Amino acid sequence: MSDTLDPIVRTWIALLDSAEVLLRTAGGRDPGAFDRVHIAVDLLLKHEHILTAAQRELARRTVWLRDNPEPLPADTSTWGHCHCPACLLDAQLARARQHYPALLARAVDIALPQPTPTTQGELFA
Ligand SMILES: [Zn+2]
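Residue numbers (my numbering): 6 to 130.
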């Protein structure tokens, strides 16, 4: 790995490599193996979340060039995206807002009901 890379990008690559090694070597007879893989992936995604889109794209490009003899894929437009659970949920909500604006507005009403006259004074008493 190049020492000229941004340390935060190098860390992401090291976390990815670590998670892949743990996954490859996880044995079915080791009950803690998949817990360690889960922890490694969780750390990778938490780290990924703090990277900028440009840093994520650079990290994925660096790994691709290191591991693949083929040229880069034609479409790398998603390489800057974060895959942590919070960002995936945010992206799903953004798509839902685009496709079902009325449904989503109704869902917010259901999730956040307004106080009714019978409970208004009781909530903060
Ligand atoms: Zn994220």
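Built from N, CA and C at the ideal position, the CB exists for glycine as well. The structure presented is a predicted model; accordingly, all values stated were derived computationally and were not measured.
At least one heavy atom of ligand 1 falls within 6 Å of the beta-carbon of Ala91.
By the criterion of a C-beta distance shorter than 8 Å, Leu70 is surrounded in its chain by Leu77, once the five residues flanking it on both sides are discounted. Residue Ile44 holds the alpha-carbon nearest to the alpha-carbon of Val26 among Leu10, Glu53 and Ile44. Collapsing the DSSP output to three states places Cys92 in a helix.
For Arg41, the enclosing alpha helix (DSSP H) begins and ends at Ala38 to Ile55.
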